[in-house]
Amino acid sequence: MKRVRDLSIAQRLAAMFALAALLVFALVGVALYHVLQTQIVRYQHAELATKLRYVVGSVALCETHERWLKVEDKVQNLISSDRSTKVWAWSSNPDYRIGDAEPTISGATSRRDLGMGRLLLPGAEYPYRTLQELVPALGNRPAVRVSVAIDSKPYVSALRWFTLIMLALGVCGIALVALLGHWIARVGLRPLQRLSNEAQTLSPSNLSQRLQPTELPPELGRLTGTFNGALDRLEAAYTRLDAFNADVAHELRTPLTNLMGQTQVALSRPREVAQLEDVLQSNLEELERMRGIINDMLFLSRAGQGDIALDRVCVPLAEEVAKTGEFLEYLLEEVGMQLRIDGAVDAWIDTSLFRRAMTNLLHNAVQHATPGSEIVVELRGGDAAHSDCGTGARVAVRNHGAGVPPQHLARMFDRFYRVDAAREHRGERHHGLGLSIVKAIASLHGGTVFADSREGRTTVGFSLATPQPHSPA
Amino acid sequence: MKLLIVEDEAKTADYLRDGLAEQGWAVDVARDGTTGLHLARELDYDVIVLDVMLPGMDGFAVLRELRLRKQTPVIMLTARDRIDDRVHGLGAGADDYLVKPFSFIELLARLQALVRRGRQQEPTELQIGDLQINLIARRAFRDATRLDLTGKEFALLALLAQRRGQILSKTVIAAQVWDINFDSHTNVVEVAIKRLRAKIDGPFRNKLLHTVRGMGYVLEAREGDEDDDAPVAGRGSA
């Protein structure tokens, strides 16, 4: 047995059409049945009334027994010409009677218009319909009660037939409606089928493939648009991942090439111990470089999966920045730069991660600033002047230097992205993950990163959100 | 000092054994968990290096079984560094945790720290060659000359002196001196060492602060070793 949710849309619609048809047919059938029944009762009454008037007319004029016999003849004629009619005349005088016994009529109402009753005769399938009237005494004749009955069999069977035919027609009608409904639904849903077929042809080998929104009804057009949007995002993510893999491979390939090449060269002929030591030391540097890349990649990947537990405390950011500044003090001194912290704000941070982000940002600033210039770390509360832990924070590092061309600003935080495409960079350890790590740390703190550069003033920074009450630490 | 290595990867086990033996450790190696557990229970080691991924019985199981009887210090090694792994290992009774790829000197430093734990207090006066350091007064002398060191320079010197003869990696130095517990990809440590070297070794013939290229720095008196390496070797010098 199929459950409702297993039914196709066409089947559901067909079933719903059938249900609607059933309801309509039933209502119409009941109404027609009632109308017909009322009409039949009226017709019966009219017929009975005619016959009664005919008999009553004769009886009323009869005042002697002689005349009564003629009345009997008339009644006999009436009965024999219409076998379904029965007539009784009953009075206190046995001479003035027609019929064997007084009929026991049930259900006769006293209503003047429809004084119809029922009479069940032995051997008859259906009760007879009756109408009666009392004729007052005249001359010798006593008062006579005249009763007329007609067989209701033709009427009842007519009603039966009508009902049967109605039912049969109804069932046929419902079936027809269901079939037509199914067909209509299928025709109506054809665009959906086409869309489904089209979606089946989508494959990872052709990422730019999209569903065709033309010639589709508006409802499906919107769905297609939404779906294509999802495909766009997937393609972008996939492309990014692809580029990322290529970057990783490239970044690891360089030290690997050095390792293999140097080792092979060293082993190709006998070497002095000092030379071999030199190779080993160089190899170790390459290996350290690889370890750095792998560790940073793992950090980014785990941060992306939300797999890093934050240990957040509420601290004055200026102190943390100062500690990072202390760490980088020697570097700043070497290039004659000053670090200035502007503003004070407290925020919920994981101090280790915050220092890591600050180290990367400041190191980045040192590398790109003009020697002798000043690096400013601007600390602002999330809303205006407040400096408590409830408002979040904004940390911006500003330096003066060559500046960053606008087309690079948005991509600065991408993994392995370098402003200098030739991959020339000061400092051997820089492998283009520093700002991505800043971004990851910012998003771990519910914040974002930003970058701006104009007239040689470059500002790079991130924001920190206040944690939700359930995860304050 | 006696040490047990439980590690199934042959190359890793071999270089660890050779390297640690050279550093003066008596090293036993077990290639699987069951043997490792047996050895650890039957013999007394000062410290155990235990790999997590082992055939038959994994490191966590070995540790659990071992802890039922013994409290030998254990350093776990693993290629996985998920936080729950870390918690699992430490929760099961490990004393330390190292993630592959780890550097050999890092392992060495951790092993020494574990063995040192619980020993009597470090001396407050240190003497390396003609270098004298008073950790309480925070003063350093060479011969009779007082060395003029900044706070960070003294902290760096004290760290190197306390672990004299040991190679300290840049990571360890950054963590101990600046509380920077991640790979900063900067050459701060190199610059700091260069400055310290200028002050403690610059004017003197006998050099004490040595660079081990690719690994780190070591403070020790090397007799008759006059032509030690150039101030800072390698490309990293700024």
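Which chain is which? The protein sequence lines are A and B, in order. Be aware that the first sequence starts at 1, since it is given in the numbering used here, and climbs by one per residue. Be aware that the second sequence starts at 1001, since it is given in the numbering used here, and climbs by one per residue. The beta carbon of each residue, even a glycine, is placed where N, CA and C say it ideally should be.
Decide if residue i is buried, meaning its Cβ has at least 16 other Cβ atoms within 10 Å, or exposed.
i       : result
A:H491  : Any answer about residue 491 of chain A is impossible in this case: the structure gives chain A only from 1 up to 473.
A:Q132  : buried
A:N197  : exposed
B:T1186 : buried
B:R1142 : buried
A:R340  : exposed
A:Q76   : exposed
A:S81   : exposed
A:R415  : buried
A:N399  : buried
A:M260  : exposed
B:W1178 : buried
A:V336  : Here residue 336 of chain A is Gly; the residue named in the question, Val, does not match the sequence. Result: exposed.
A:W183  : exposed
A:H431  : buried
A:A155  : Per the sequence presented here, residue 155 of chain A reads as Tyr, with Ala not at that position. Buried, by the Cβ-count rule.
A:T257  : exposed
B:I1136 : exposed
Check residue i in the structure and name its three-state DSSP category.
i       : result
A:S147  : strand
A:E407  : It is Gln, not Glu, that sits at residue 407 of chain A in the sequence shown. A:Q407 falls in the helix class under three-state DSSP.
A:K86   : strand
B:W1025 : coil
A:P316  : strand
A:T391  : coil
A:Q264  : helix
B:H1185 : coil
A:A178  : helix
A:N399  : strand
B:I1128 : strand
B:A1192 : helix
B:L1058 : Looking at the sequence itself, residue 1058 of chain B is Asp, so the reference to Leu does not match. Coil at B:D1058, not helix or strand.
B:N1134 : strand
A:F462  : strand
A:Q212  : coil
A:A20   : helix
A:E424  : Residue placement at A:E424 cannot be trusted, given a pLDDT of 48 that sits under 50; what the coordinates show is reported in the next sentence. A:E424 falls in the coil class under three-state DSSP.
A:D452  : strand
B:D1143 : coil
B:H1210 : strand
So, at 7 Å on beta carbons, what are the nonlocal neighbours of residue i in its own chain, with the 5 sequence-adjacent residues on each side left out?
i       : result
A:G29   : M166 and G170
A:T351  : V313, V315 and E320
B:L1039 : L1004, D1028 and A1030
A:Q209  : L202
A:A21   : G173, I174 and V177
A:V135  : V56, V59, A60, A143, V144 and V146
A:I9    : A185 and L189
B:Q1023 : L1108
CB-CB under 6 Å to residue i, same chain, minus the five flanking residues each way: which ones, in chain order?
i       : result
B:L1016 : I1005
A:R5    : none
A:G181  : L13, A14 and F17
B:G1322 : With chain B covering 1001 to 1238 only, the question about residue 1322 of chain B has no answer from this structure.
B:T1171 : none
A:I441  : L353 and A357
B:M1215 : I1105 and I1167
B:V1049 : I1005 and I1075
By the criterion of Cβ-Cβ separation under 9 Å, what are the contact partners of residue i in chain A?
i       : result
B:V1218 : Near B:V1218 there are no residues of chain A at all, since even the closest Cβ is about 14 Å away, more than 9 Å.
B:H1210 : Here the premise fails: no neighbours, minimum Cβ distance about 13 Å.
B:H1038 : Within chain A, no residue comes near B:H1038; the closest Cβ sits about 34 Å away, beyond 9 Å.
List the residues of chain B that residue i touches, going by C-beta distances under 7 Å, in chain order.
i      : result
A:F327 : W1178, I1180 and V1188
A:N482 : Lying before the first or after the last residue shown, residue 482 of chain A is absent from chain A, which here runs from 1 to 473.
A:R291 : P1101
A:L252 : The premise fails here: A:L252 is roughly 13 Å from chain B at the closest Cβ pair, so nothing lies under 7 Å.
A:Q281 : R1213 and G1214
A:E288 : G1214
Taking C-beta pairs closer than 8 Å, name the residues in chain A that residue i reaches, listed in chain order.
i       : result
B:P1055 : Neighbours of B:P1055 on chain A: none; closest Cβ ~25 Å, over 8 Å.
B:R1195 : Y330
Any heavy atom of the ligand GTP closer than 7 Å to the beta-carbon of residue i?
i      : result
A:V438 : Absence of the ligand GTP is noted for the structure shown, with no ligands found whatsoever.
Using a cut-off of 7 Å between C-beta atoms, extract the partners of residue i located in chain A.
i       : result
B:D1183 : G292 and N295
Looking only at its chain, what residues have a beta carbon closer than 8 Å to the beta carbon of residue i, apart from the 5 residues adjacent to it on each side?
i      : result
A:Y128 : K86, R118, L119, L120, L121, A149, I150, D151 and S152
Where the stretch 338–370 of chain A meets chain B: residues whose CB sits under 7 Å from a CB there: S352, R355, R356, T359 and H363
Residues within the stretch 434–447 of chain A neighbouring chain B, beta-carbon criterion of under 8 Å: G434
Positions along the stretch 1085–1112 of chain B whose CB lies within less than 7 Å of some CB in chain A: P1101
Short-range partners of chain B found in the stretch 295–314 of chain A, where Cβ spacing is below 9 Å: N295, D296, L298, F299, R302, D307, I308 and A309
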